[in-house]
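S.K.:
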Amino acid sequence: MVLTGGSVLSLLTTTGINVPIYARVPGAQNAAVPGAYSSTFSRQPLDVRATTETCRPLLGCTTRVSGFTFAVQAQVRPNCRVVADDLDFGQHGLLERSVDATSQVRVTCTAGTSYSMGLGYGLQAAGIGGRQMRDLAGHRVGYQLYRDAARTQTWGLVADGLATTDAGTGVSRPATVYGRVPAQPTPPPGAYSDTVVVTVTY
Numbered sequence: 000m001v002l003t004g005g006s007v008l009s010l011l012t013t014t015g016i017n018v019p020i021y022a023r024v025p026g027a028q029n030a031a032v033p034g035a036y037s038s039t040f041s042r043q044p045l046d047v048r049a050t051t052e053t054c055r056p057l058l059g060c061t062t063r064v065s066g067f068t069f070a071v072q073a074q075v076r077p078n079c080r081v082v083a084d085d086l087d088f089g090q091h092g093l094l095e096r097s098v099d100a101t102s103q104v105r106v107t108c109t110a111g112t113s114y115s116m117g118l119g120y121g122l123q124a125a126g127i128g129g130r131q132m133r134d135l136a137g138h139r140v141g142y143q144l145y146r147d148a149a150r151t152q153t154w155g156l157v158a159d160g161l162a163t164t165d166a167g168t169g170v171s172r173p174a175t176v177y178g179r180v181p182a183q184p185t186p187p188p189g190a191y192s193d194t195v196v197v198t199v200t201y
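Here it is as structure tokens:
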């Protein structure tokens, strides 16, 4: 089957041709703030030429060009991601004096996104007054988490006014958690632990 120039143009105008366009938004665009982004793409890539059978002597071949435009759009929404390291107070025989340790929580939020980060009070529901670790037998060791190195500002929930606030930059922002096991009667030997939930509100 041989298609002349006229029949090719007829197919293009009556049935159309689907041409896939592959797009990508590359990563590492950390400075993008939340909002609606758009752009209009305008080109004339379709160049249809008649075959030699339709070319006329001296007049040459007819060239027809068809153009198109389309919009490209995307939305950047406020979003945050949090990663927390374990807080390990290590191994100790007697709890005759305070034991301190630190860990980090890393928060990544879209640029310009304000957020608050709070730390829960653990599985033992000790509340603001003090968190508690426990072993399998139910023995407990009290501890506390602080926002400052001097360990004077307790770290708690947003509702209690004990959270930290910051603004996202599109890259990870570390926050140090300052932990302390105060001097207390030493419980039986064992492995003591607790689970603290980190909540980021934005």
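All residue numbers for the sequence shown refer to numbering that gives the first Met the number 0, where the first residue is 0 and numbers rise by one. Glycine included, each C-beta is placed from N, C-alpha and C at the ideal position.
Whole-angstrom Cβ separation of ALA182 and ALA110, contact assumed at under 8 Å?
M.R.: Actually they are not in contact, since the Cβ atoms of ALA182 and ALA110 sit about 44 Å apart, beyond 8 Å.
S.K.: So, is PRO19 buried or exposed, given that buried needs 16 or more other C-beta atoms within 10 angstroms?
M.R.: When all chains shown are included, PRO19 counts as exposed.
S.K.: Quick one: grab the DSSP three-state call for ALA148.
M.R.: Coil at ALA148, not helix or strand.
S.K.: Out of LEU93, ALA73 and CYS108, state which residue places its alpha-carbon closest to the alpha-carbon of ARG80.
M.R.: Considering only alpha carbons, the answer is CYS108.
S.K.: If we ignore side chains and look at the alpha-carbon of each, how far apart do GLN103 and THR194 end up?
M.R.: Answer to the nearest angstrom: the Cα atoms are 15 Å apart.
S.K.: With ALA83 as the anchor, note down where its beta strand (DSSP E) starts and where it stops.
M.R.: ALA83 -> beta strand (DSSP E) spans 79-83.
S.K.: With DSSP collapsed to three states, give me the class of THR194.
M.R.: Here THR194 sits in coil by DSSP.
S.K.: Within a Cβ cutoff of 8 Å, which residues of the same chain sit near ALA148, ignoring the five residues on either side of it in sequence?
M.R.: THR175 and TYR177, listed in sequence order.
S.K.: Would you report the Cα separation of ARG105 and GLY26, rounded to the nearest angstrom?
M.R.: Roughly 20 Å between the two C-alpha positions.
S.K.: Determine the burial state of TYR114: buried for a count of at least 16 other Cβ atoms within 10 Å of its Cβ, exposed for fewer.
M.R.: TYR114 should be labelled buried.
S.K.: Answer yes or no: the CB of ARG96 versus the heavy atoms of the ligand FAD, is any distance below 7 Å?
M.R.: No copy of the ligand FAD appears in this structure; indeed no ligand is present at all.
S.K.: Among VAL75, THR101, HIS91 and SER97, which has the Cα closest to the Cα of ALA83?
M.R.: Residue THR101 is the option with its Cα nearest to ALA83.
S.K.: Less than 6 Å between C-beta atoms, sequence neighbours within five positions excluded: which residues of the same chain meet that for THR198?
M.R.: Here the set comprises GLY117.
S.K.: For ALA70, I'd like the list of residues in its chain whose CB is within less than 8 Å of its CB, leaving aside the five on either flank, ordered along the chain.
M.R.: So the list reads SER37, SER38, THR39 and PHE40, once near-sequence residues are dropped.
S.K.: Using C-beta distances below 7 Å, list every residue in its chain close to SER6, excluding the 5 sequence neighbours before and after it, in chain order.
M.R.: Confidence at SER6 is low in this model, with a pLDDT of 49, below 50, so the placement of that residue should be treated as unreliable; the coordinate-derived value is given next. Here the set comprises nothing.
S.K.: Whose C-beta lies closer than 6 Å to the C-beta of THR168 among residues of the same chain, with five residues either side of it excluded?
M.R.: Cβ neighbours of THR168 beyond the five flanking positions: ALA110.
S.K.: For SER97 and ARG179, I'd like the C-alpha separation in whole angstroms.
M.R.: In a straight line, the C-alpha of SER97 is about 7 Å away from that of ARG179.
S.K.: What does the Cβ neighbour count give for GLY34, buried or exposed, with the cut at 16 atoms within 10 Å?
M.R.: The residue in question, GLY34, is exposed, as its Cβ has fewer than 16 Cβ neighbours within 10 Å.
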